[in-house]
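Working notes, beginning with the structure itself.
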Amino acid sequence: MELPILKERDRIIQAVSDNPVIVVVGETGSGKTTQIPIFLYEAGFAESGVIGITEPRRVAATSTAKYVAGVIGSTPGDLVGYQVRFDDETTVGTALKFMTDGILLREFQIDSNLSRYSVVLIDEAHERSQNVDFILGLLKDLLKRRRDLKVVVASATIDEQKFSNFFNRAPVINVSGRMFPVEVVWGKEDVDEEMIVEVMADAIAEIHRSEPEGDILSFMTGEDQIRRVVESLERMKLTDLVLVPAHASLPWEEQQKIFASYPGKRKVIVATNIAETSITIDGIVYVVDSGFIKQMNFHPESGIQSLDVVLHSKSGCEQRRGRAGRTQPGKCFRLYAESDFRERPQFTEPEIKRISLAGVVLAMKDIGIDKVEEFEFVDPPSREAFHEAHETLIALGAIQRGSHGLTDIGKMMAGLPLEPRIARMIIEAEKHGCTKDVATIAAFLSGRQVFARPKGKEIQADRAHVALKNPASDALTFLRVWDKYEDSDFDNQWCYDNFLNARVLREVDDIRYQLFNILESYGFEPTESSDTAVIAKAVAMGLAYSLLEHRSRHSYGGVLRQIDDVFIHPGSAIFGLSNSRWIVASEVVRTTKTYARGCTEVKPEWLPDMAPQHFKRGEPVVARYLKGAESAVISKAVLDGYGHELGSSEESVPVAEAIAIQKARVRDAESKGLLKLTFHNEASGRYSFTASFVAEAGGKRYKASYHAKVEEGVPYYCKVVDTYLGQTTVEPVFQVFAFNNPAPSPGQPLSSVEELAQKRGASLGRQ
DNA sequence: AGGGTTTTTT
């Protein structure tokens with residue numbers, strides 16, 4: 001059977017020649033992904049530049065590139081190339097470039113005119129990923145500057161009119177697919193979330209008993225529901241049935257079972273939405289749709305995310321239905337009533353409206369778009385979302401309040417393929433000599449879940465994990481896991497024995513090296529620190545906006561944002577172990593409760609740097625000095641908004657500096673009329689085991705307060721707390737140190753990250 | 001106190 005799209009060849013070429021933008025609509029199987037690039041190449045569109053094709057997933061980009069290379073008679077990397085993260089198979093001669101949409105976004109950051117390209121094709125635009133929506137907005141803006149650029153938006157038959165209208169009523173070309181009919185069977189009544197597991201299991205059993213052969217694909221919301229459906233079906237002891245769960249956190253071997261064929265048996269795949277878009281399973285004849293989906297949402301007012309079970313949209317349910325009928329006519333059993341379906345929203349809310357915009361706004365500003373609220377999106381995010389993005393970027397120091405452009409820190413952050421908060425940690429790490437450590441942590445934080453807890457082996461897994469966990473920090477835990485992984489010589493068996501996901505660790509390795517390379521281009525030295533507190537502080541600086549303070553029992557609340565009743569996630573290394581008053585979290589996600597994940601304890605002395613509007617450092621005071629030493633220890637109190645002391649930080653300074661600090665304090669004490677007193681110990685009459693410290697000055701006698709700690713023969717500045725029956729009680733305020741070794745060398749200024757930022761800014765000069 | 005849909009990035 002000839003691909004239906006071949007009949008449309010001339011129309012498509014003509015439309016692209018005549019219009020800046022066209023929308024091509026066709027179901028999977030229409031061949032649009034592979035054929036349109038070939039048409040455009042054959043029609044000569046590669047003569048004036050590269051034809052770029054974006055895909056939402058790496059496998060799609062690489063496999064279509066390989067297929068098209070074969071058709072054209074090229075090898076991948078030559079005329080037809082592809083680029084995905086960690087894998088660039090393109091050359092100067094590449095005319096057709098397949099890539100993930102993330103790569104095209106990065107190219108916008110390097111050259112906002114996309115000058116190399118003559119045509120850009122955005123595939124799977126209907127998925128409405130964050131990247132696609134951002135790219136479509138950028139392309140609309142770019143078309144004002146580049147009249148010669150051609151844009152093709154390829155989508156399933158979902159919201160083609162929306163795309164067409166967005167690009168000034170661009171022509172829409174429909175390409176029929178090669179779908180077989182899929183009959184819909186409606187449920188009798190609506191089923192709630194509680195009952196859906198039993199209803200699903202019963203429906204699958206019934207199909208198995210009464211329908212002709214053919215595999216079944218069932219859509220549920222998550223791992224737990226999938227497990228319960230599988231268990232329920234196992235209890236029914238049906239014959240000739242193979243049950244295969246399908247979700248992302250499954251180990252690789254388990255995932256392979258999804259694609260295996262089981263001759264003589266009926267395969268039943270119970271899946272999350274992974275089977276709706278990411279993986280395609282051949283030979284599905286029956287789809288059973290619960291009608292529910294788990295969806296991540298973002299709440300800009302609080303900065304928390306929520307993972308919600310919601311009714312799936314009409315277009316999403318249609319997508320599920322389409323998973324049957326790819327090889328023969330199929331049936332789709334919907335476990336909800338037709339009347340319920342009609343009331344559902346037409347489309348799933350695009351991702352750009354359900355995430356923090358901080359990363360998108362950072363990228364926009366890096367590209368040179370200052371008035372971000374005026375940027376044209378297909379579906380514009382809310383004002384609150386833009387406000388949250390701004391506040392987050394201000395808190396991170398990427399932009400300054402009241403100004404449009406990026407700071408030097410912001411420019412460096414934009415160059416790192418990380419979320420803004422995670423990128424900020426690395427900039428902080430540069431100041432404290434731990435870039436390698438924090439880049440490693442960043443790689444873990446930006447990857448998937450490393451700690452595996454296979455079902456039935458939870459206890460063994462937890463036991464293995466305990467040995468790796470740092471009770472104060474998930475970030476430091478990651479560092480420990482990395483060290484041990486290196487010690488094992490990157491051994492898969494070691495990962496398996498310790499219940500760690502080896503694929504994730506290999507990806508962490510790749511991300512690490514990518515980050516190291518970028519940092520090298522910034523002129524950052526690769527540094528490591530043995531001081532875990534320094535590393536943890538860099539992490540905390542990036543996450544400062546999500547600072548949480550202990551409120552009651554196990555719950556925490558936001559300091560800088562309105563968040564209440566946050567609990568440490570049971571999977572966190574600090575769960576059940578921390579009694580820290582402050583913590584930071586890499587994520588706050590509401591599921592059954594609001595959970596903080598990726599937690600690190602915060603020391604009070606970090607607070608003034610993390611949230612200067614809420615916490616201050618007191619004046620420095622001399623805390624300790626050893627006679628003859630070249631340096632002294634000074635301490636600064638950490639104060640909250642009411643001036644209450646929350647803790648203190650200490651640092652070592654040259655004696656000359658300590659002398660200056662003490663002199664200033666003495667001047668202040670004298671101006672306030674404090675008394676300078678030297679005490680001696682006097683055993684008190686009847687109770688010889690208690691001691692009291694007394695001092696005489698100006699013919700008067702003073703007694704140190706009962707709890708005061710004083711040393712004999714050392715002068716203290718004191719304040720009067722009580723006078724009773726002629727006896728004056730005083731409270732020592734500070735000790736006066738006798739410095740006998742004025743040091744000659746003044747303090748050395750610390751290396752400044754701003755200097756390095758300027759260096760990078762200079763070498764970044766945009767063309 | 002007790003547990004997360006999915007994808008992607010110079």
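Under full-length UniProt numbering, the first sequence is numbered contiguously, ending at residue 767.
Backbone N, C-alpha and C define an ideal beta-carbon position, used for all residues, glycine too.
Could you spell out where the beta strand (DSSP E) holding residue i opens and where it closes?
{"i": "Gln-130", "result": "Taken as a continuous stretch (DSSP letters only), Gln-130 belongs to no beta strand (DSSP E), being part of the alpha helix (DSSP H) at 130-145."}
{"i": "Asp-10", "result": "Run containing Asp-10: none in the beta strand (DSSP E); it sits in the alpha helix (DSSP H), 9-18."}
{"i": "Ile-304", "result": "304-311"}
{"i": "Glu-183", "result": "182-186"}
{"i": "Ala-271", "result": "266-271"}
{"i": "Tyr-82", "result": "80-84"}
{"i": "Gly-558", "result": "555-558"}
{"i": "Arg-326", "result": "Segment: none, Arg-326 is in no beta strand (DSSP E) and carries neither H nor E."}
With burial defined as no fewer than 16 other Cβ atoms inside 10 Å of the residue's Cβ, what is the status of residue i: buried or exposed?
{"i": "Ala-502", "result": "buried"}
{"i": "Gln-188", "result": "Note that residue 188 is Lys in the sequence shown here, rather than Gln. Under this definition Lys-188 is an exposed residue."}
{"i": "Leu-245", "result": "Per the sequence presented here, residue 245 reads as Pro, with Leu not at that position. Buried, because 16 or more other Cβ atoms sit within 10 Å of the Cβ of Pro-245."}
{"i": "Lys-709", "result": "exposed"}
{"i": "Ser-580", "result": "buried"}
{"i": "Pro-612", "result": "exposed"}
{"i": "Pro-37", "result": "buried"}
{"i": "Arg-147", "result": "exposed"}
{"i": "Val-23", "result": "buried"}
{"i": "Met-412", "result": "buried"}
{"i": "Glu-8", "result": "buried"}
{"i": "Pro-4", "result": "buried"}
{"i": "Gln-305", "result": "buried"}
{"i": "Pro-251", "result": "exposed"}
Do you know whose CA, among the options, lies nearest residue i's CA?
{"i": "Pro-76", "options": "Thr-91, Lys-66, Thr-728, Val-152", "result": "Lys-66"}
{"i": "Glu-645", "options": "Tyr-625, Leu-607, Ser-652", "result": "Leu-607"}
{"i": "Leu-149", "options": "Val-16, Asp-202, Ala-697", "result": "Val-16"}
{"i": "Val-309", "options": "Gly-222, Ala-611, Thr-678, Met-179", "result": "Gly-222"}
{"i": "Leu-243", "options": "Trp-252, Pro-251, Leu-217, Ser-249", "result": "Leu-217"}
{"i": "Leu-241", "options": "Thr-272, Met-220, Asp-224, Glu-206", "result": "Glu-206"}
{"i": "Val-119", "options": "Leu-577, Glu-160, Gly-102, Thr-54", "result": "Thr-54"}
{"i": "Thr-729", "options": "Ile-568, Glu-696, Asp-18, Val-736", "result": "Glu-696"}
{"i": "His-680", "options": "Ser-339, Asp-668, Val-694", "result": "Val-694"}
{"i": "Glu-528", "options": "Ser-261, Asp-564, Gly-433, Tyr-522", "result": "Gly-433"}
{"i": "Leu-476", "options": "Ile-426, Thr-591, Ala-573, Glu-318", "result": "Ala-573"}
{"i": "Asp-282", "options": "Ala-414, Ile-269, Met-195", "result": "Ile-269"}
Is residue i near the ligand FMN - that is, is its Cβ less than 8 Å away from at least one heavy atom of it?
{"i": "Ser-315", "result": "Looking at this structure, you won't find the ligand FMN or any other ligand, since it has none at all."}
So for residue i, helix, strand or coil by DSSP?
{"i": "Lys-709", "result": "coil"}
{"i": "Pro-744", "result": "Because Pro-744 sits at a pLDDT of 49, beneath the cut-off of 50, its placement in the model cannot be relied upon, and the following sentence gives the value as read from the coordinates. In the structure shown, Pro-744 sits in coil (DSSP, three-state: anything other than H, G, I, E or B)."}
{"i": "Cys-332", "result": "strand"}
{"i": "Thr-239", "result": "coil"}
{"i": "Lys-371", "result": "coil"}
{"i": "Pro-245", "result": "strand"}
{"i": "Met-220", "result": "coil"}
{"i": "Pro-4", "result": "helix"}
{"i": "Gln-346", "result": "coil"}
{"i": "His-614", "result": "coil"}
{"i": "Lys-537", "result": "helix"}
{"i": "Tyr-522", "result": "coil"}
{"i": "Asn-165", "result": "helix"}
Taking the alpha helix (DSSP H) that residue i falls in, what are its first and last residues?
{"i": "Ile-38", "result": "32-42"}
{"i": "Trp-482", "result": "474-487"}
{"i": "Gly-610", "result": "Per the sequence shown, the amino acid found at residue 610 is Met instead of Gly. Residues 607-610."}
{"i": "His-208", "result": "196-210"}
{"i": "Ala-429", "result": "420-432"}
{"i": "Ala-669", "result": "655-671"}
{"i": "Phe-444", "result": "435-446"}
{"i": "residue 788", "result": "Absent from the model: residue 788. The displayed extent of the chain is 1 to 767, so no value can be given."}
Are at least three pairs of beta-carbons, each pair with one atom in the region 490-502 and one in the region 539-549, less than 8 Å apart?
no
Quick check: the region 82-102 against the region 156-168, are there 3 or more CB pairs under 8 Å?
no
Indicate whether the contact test is met: 3 or more Cβ pairs, each with one atom in the region 188-201 and one in the region 24-37, closer than 8 Å.
no
Does the region 8-24 come close enough to the region 57-64 to have 3 or more Cβ pairs within less than 8 Å?
no
Quick one: any contact between the region 621-634 and the region 581-592, if contact means 3 or more CB pairs under 8 Å?
no
Counting pairs of beta carbons, one from the region 391-409 and one from the region 435-453, are three or more of them closer than 8 Å?
no
Closer than 8 Å is the cut-off here; do at least three beta carbon pairs connect the region 293-300 with the region 322-336?
no
Does the contact criterion of 3 or more C-beta pairs under 8 Å hold for the region 358-376 versus the region 109-129?
yes
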